[in-house]
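Please read the structure below before turning to the comments.
Number of protein chains: 2
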Amino acid sequence: MSSSVQSVAERAGVSVSTVSRALRGVPGIAESTRKRVQKAAEELGYVASLSASRLATGRTRTVAVVVPLLSKWFFAEVIAAAGRVLSRAGYDVLLTELSTPELRSAFFAAPRLQGRSDGALVLALQLTPEELAALEAQGQVVALVGSERAGASSVCVEDRNGGRAATRHLINLGHERIAFLGIQEAPGSTLGGVPPAERLLGYRDALADAGITPDPGLEFGVGNTVDAGAAAMAKALTAAEPPTAVVAASDELAFGALATLRKAGLQVPGDFSVVGYDNHELAGSIGLTTMDHGVAEQGRLAAEALIATLEGAPAAVERLEPNLIVRGSTAPPRRLRTAVP
Amino acid sequence: MSSSVQSVAERAGVSVSTVSRALRGVPGIAESTRKRVQKAAEELGYVASLSASRLATGRTRTVAVVVPLLSKWFFAEVIAAAGRVLSRAGYDVLLTELSTPELRSAFFAAPRLQGRSDGALVLALQLTPEELAALEAQGQVVALVGSERAGASSVCVEDRNGGRAATRHLINLGHERIAFLGIQEAPGSTLGGVPPAERLLGYRDALADAGITPDPGLEFGVGNTVDAGAAAMAKALTAAEPPTAVVAASDELAFGALATLRKAGLQVPGDFSVVGYDNHELAGSIGLTTMDHGVAEQGRLAAEALIATLEGAPAAVERLEPNLIVRGSTAPPRRLRTAVP
DNA sequence: CGGATCTTTGCAAGCGCTTGCAAGAAGTCG
DNA sequence: CGACTTCTTGCAAGCGCTTGCAAAGATCCG
Numbered sequence: 067m068s069s070s071v072q073s074v075a076e077r078a079g080v081s082v083s084t085v086s087r088a089l090r091g092v093p094g095i096a097e098s099t100r101k102r103v104q105k106a107a108e109e110l111g112y113v114a115s116l117s118a119s120r121l122a123t124g125r126t127r128t129v130a131v132v133v134p135l136l137s138k139w140f141f142a143e144v145i146a147a148a149g150r151v152l153s154r155a156g157y158d159v160l161l162t163e164l165s166t167p168e169l170r171s172a173f174f175a176a177p178r179l180q181g182r183s184d185g186a187l188v189l190a191l192q193l194t195p196e197e198l199a200a201l202e203a204q205g206q207v208v209a210l211v212g213s214e215r216a217g218a219s220s221v222c223v224e225d226r227n228g229g230r231a232a233t234r235h236l237i238n239l240g241h242e243r244i245a246f247l248g249i250q251e252a253p254g255s256t257l258g259g260v261p262p263a264e265r266l267l268g269y270r271d272a273l274a275d276a277g278i279t280p281d282p283g284l285e286f287g288v289g290n291t292v293d294a295g296a297a298a299m300a301k302a303l304t305a306a307e308p309p310t311a312v313v314a315a316s317d318e319l320a321f322g323a324l325a326t327l328r329k330a331g332l333q334v335p336g337d338f339s340v341v342g343y344d345n346h347e348l349a350g351s352i353g354l355t356t357m358d359h360g361v362a363e364q365g366r367l368a369a370e371a372l373i374a375t376l377e378g379a380p381a382a383v384e385r386l387e388p389n390l391i392v393r394g395s396t397a398p399p400r401r402l403r404t405a406v407p
Numbered sequence: 067m068s069s070s071v072q073s074v075a076e077r078a079g080v081s082v083s084t085v086s087r088a089l090r091g092v093p094g095i096a097e098s099t100r101k102r103v104q105k106a107a108e109e110l111g112y113v114a115s116l117s118a119s120r121l122a123t124g125r126t127r128t129v130a131v132v133v134p135l136l137s138k139w140f141f142a143e144v145i146a147a148a149g150r151v152l153s154r155a156g157y158d159v160l161l162t163e164l165s166t167p168e169l170r171s172a173f174f175a176a177p178r179l180q181g182r183s184d185g186a187l188v189l190a191l192q193l194t195p196e197e198l199a200a201l202e203a204q205g206q207v208v209a210l211v212g213s214e215r216a217g218a219s220s221v222c223v224e225d226r227n228g229g230r231a232a233t234r235h236l237i238n239l240g241h242e243r244i245a246f247l248g249i250q251e252a253p254g255s256t257l258g259g260v261p262p263a264e265r266l267l268g269y270r271d272a273l274a275d276a277g278i279t280p281d282p283g284l285e286f287g288v289g290n291t292v293d294a295g296a297a298a299m300a301k302a303l304t305a306a307e308p309p310t311a312v313v314a315a316s317d318e319l320a321f322g323a324l325a326t327l328r329k330a331g332l333q334v335p336g337d338f339s340v341v342g343y344d345n346h347e348l349a350g351s352i353g354l355t356t357m358d359h360g361v362a363e364q365g366r367l368a369a370e371a372l373i374a375t376l377e378g379a380p381a382a383v384e385r386l387e388p389n390l391i392v393r394g395s396t397a398p399p400r401r402l403r404t405a406v407p
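Take a look at the structure:
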């Protein structure tokens, strides 16, 4: 169990350096010797000391995954996908949740990854240049998900196209009064986990494309929770000329919107259409039309990019195109449906 | 950056051992010396090498969190809560997802935690005695969530009481035909992440308490997903004498049930009552009556127990009592409601 | 068959920190 | 003021593995 290279060396009748090389598959060891060493190691139940080899090599074969909030489905899903890739490649996964501004600044103020990991996979946090520099100063190779920075690998989604596609879908169905529920961080928060308002811009693009004059009164910015979505939807319904459809910047907001609509006695999609964003695990069961942006794939790709960079490849940027998934929450507005039986 | 104790020692004009002790706050160093050393360290941007101190001490100050499936809300929530406690106590969190039987057996077959962590926090997996022994043989202190084993700390929920309370709530409202949607692992799966059917037993207890003869045709065992819940609910509705309420063994199943009921045109709670189990983050927004069993608290308590054990305390077992949270998905059955205006 | 060329192995010097032990400095007390 | 504590600090021996370099053996070829 706690046997050392020494003991294996003695048992196999070779030197420690031979044991080290044999067990790690370093070329330059006779196959017969290697076998003998492996046998001895096995008989002794030998397991190389991680700390010792890390100290000697300076590499940890560990990747830190840094995430703003673990309990959100999106992050859990990305981490899971990235984790599978990483552990298959032999990397350990160190988890760091930066759920408050204090934790965030403390994390970047001290060299908290130094000697702990070879690379960092940073999800969603919009890193300041200083923060990125801090990570690099700690010897971390960094890969980003959901943002882009010079010098780091990243995978991001063409959210503007996504917002546009979601909105265009509604426009194509005949909707003209379309609300937008956007994600906006609480004013005081410096967590900075929210990506720029690309989705909102896409929404405006689509309206412009269709020659619809945007109504600022139909754009809402709220926290990314079901309840916030419900509240915003309720407010939207009180407009002088209420919308007939809504684009939500996340499925969670959309779930809230659906709850409000149901409570208001409006049929979806009969009276009102809803399109979400994320393709949340529950979106399918609920029948929500939404934008899929390959959440698991983002994790996978980012992990692969990070591993590649760790093994010497240059940093790479990957852009994912979101995809509209039409389910049962969207349909032509009632006005048109009665006209066209 | 990559300065060593040496350089700090020289700069402060002391020996390396003094630096080591000064920086770690070991008693027996004059306050003035400590100050001087700290200053030197700071000026040099010195950060102690983790691998080196781990090698020297034999402790990693890392805890492995082992979980069957990361992307389920329950696990993410537990991990998040545990992670906060652990990192506040200065422990790193190493994440291991055992999402398939192959990964599980590979994990326990090799000493994968040896030298990587001091302890393991194992969620939901019902460890075999051999698996637990394997972890202990690797020098891990282990704490369990959702199961109980001799020699390990654990926190678990009185699920039988929970099932009973959920069911009793419906009985008190006047329901008599009550279905149960239970969680059952796929037959081939050896993942073993599912706790024993305590909740089902509680359901039967409650029926027995009320003198209702249980109808095996109303008990369903399915995978723990929204869709499975929806399907099972659909089947339940086709019974010769259909139920008027259902107890679901998880909120996810309950979400599925709600979807089916809505699709079937049944009003909840007017025509049908549903009670879930978990108090899932979305349960509140959806208005689901459910059993809360302090998910985050389980993580917190388990992490605290693990830390305590790592610091020498004996293993401890904590039992949580689940709590009924009444929301809008339960009401007296229609028969009664019309009788009692 | 002898020297040149590979191959295979061992030596020893790290990697950077911790810690038991002992020595020197300082303080205490009768 | 000297013997005895009590504090502080340094020495040096690890912790267990990796790796550059050189030596020893094996192989090859004219």
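Those protein sequence lines, which keep their order, are chains P and S.
If you read the first sequence in our numbering, its first letter stands for residue 67, the second for the next number, and so on.
If you read the second sequence in our numbering, its first letter stands for residue 67, the second for the next number, and so on.
A virtual CB, placed ideally from N, CA and C, is assigned to each residue, including glycine.
Give me the chain P residues within the contact set of residue i, using Cβ-Cβ distance strictly less than 7 Å, ordered along the chain.
i       : result
E143(S) : S137
Q180(S) : V113
Going by DSSP, what residues sit across from residue i in a beta bridge?
i       : result
S339(P) : A311(P)
I440(P) : The question about residue 440(P) has no answer, for chain P in this structure spans 67 to 407.
M357(P) : Y343(P) and L390(P)
G185(P) : V129(P) and V207(P)
F286(S) : L247(S)
D158(P) : T128(P)
R385(P) : C222(P)
E163(S) : V133(S)
Just the chain S side, please: which residues come within less than 7 Å of residue i by C-beta, in chain order?
i       : result
A190(P) : The contacting residues do not exist; A190(P) stays about 15 Å from chain S at best.
D225(P) : Within 7 Å Cβ-Cβ: nothing; D225(P) doesn't reach chain S, min ~22 Å.
G322(P) : S351
Are the C-beta atoms of residue i and some chain P residue less than 8 Å apart?
i       : result
T404(S) : Residue confidence for T404(S) is low, a pLDDT of 49 falling below 50, so the modelled location carries little weight and cannot support an answer.
P167(S) : no
G342(S) : no
K177(S) : Inspection of the sequence shows that residue 177(S) is occupied by Pro rather than by Lys. For P177(S), the answer is yes, since a Cβ of chain P falls inside 8 Å of its Cβ.
D358(S) : no
F174(S) : no
L110(S) : no
E86(S)  : In the sequence as presented, Glu is not what sits at residue 86(S); that position holds Ser. Chain P contact via Cβ: absent.
I352(S) : yes
L319(S) : no
A371(S) : no
A146(S) : yes
Is the CB of residue i under 8 Å away from at least one CB in chain S?
i       : result
S451(P) : Residue numbering for chain P in the displayed model covers 67 to 407; residue 451(P) lies beyond these limits and cannot be assessed.
L121(P) : yes
D337(P) : no
L116(P) : yes
P407(P) : Confidence is the limiting factor: at P407(P) the pLDDT is only 41, short of 50, which leaves the residue's position unreliable and the question unanswerable from this model.
G453(P) : There is simply no residue 453(P) to check, as chain P begins at 67 and stops at 407 in what is shown.
V312(P) : no
A325(P) : yes
Kindly list, in the order they appear in chain S, the residues whose Cβ is closer than 9 Å to that of residue i.
i       : result
V221(P) : By Cβ distance, chain S contributes nothing, its closest Cβ being about 18 Å from V221(P), past 9 Å.
G94(P)  : Near G94(P) there are no residues of chain S at all, since even the closest Cβ is about 26 Å away, more than 9 Å.
L348(P) : V292, E318, F321 and L348
A368(P) : The premise fails here: A368(P) is roughly 15 Å from chain S at the closest Cβ pair, so nothing lies under 9 Å.
In chain P, which residues lie with their C-beta within 9 Å of the C-beta of residue i?
i       : result
G198(S) : Note that residue 198(S) is Leu in the sequence shown here, rather than Gly. Those do not exist, as L198(S) stays about 16 Å from chain P at its closest Cβ, beyond 9 Å.
When every heavy atom of the ligand ATP is checked, does at least one fall within less than 7 Å of the C-beta of residue i?
i       : result
G336(S) : What this structure holds is no ligand at all, so the ligand ATP is not there to describe.
For residue i, go through chain S and note every residue whose CB falls closer than 8 Å to its CB, in chain order.
i       : result
L376(P) : Within chain S, no residue comes near L376(P); the closest Cβ sits about 17 Å away, beyond 8 Å.
Residues of the region 148-164 of chain P whose Cβ lies closer than 8 Å to any Cβ of chain S, in chain order:
G149, R150, S153, D158, V159, L160, L161, T162 and E163
Quick one: any contact between the region 356-363 of chain P and the region 375-391 of chain P, if contact means 3 or more CB pairs under 8 Å?
yes
Give the residues from the region 382-403 of chain P that approach chain S closer than 8 Å (Cβ to any Cβ), ordered along the chain.
none
Indicate whether the contact test is met: 3 or more Cβ pairs, each with one atom in the region 97-104 of chain S and one in the region 99-108 of chain P, closer than 8 Å.
no
Residues of the region 278-309 of chain S whose Cβ lies closer than 9 Å to any Cβ of chain P, in chain order
T291, V292, D293, G295 and A296
Is the region 265-283 of chain S touching the region 228-241 of chain S in the sense that three or more CB pairs, one from each, lie closer than 8 Å?
yes
Inspect the CB distances between the region 188-202 of chain S and the region 377-385 of chain S and report whether three or more fall short of 8 Å.
no
When the Cβ atoms of the region 170-177 of chain S are set against those of the region 342-351 of chain S, are three or more pairs found closer than 8 Å?
no
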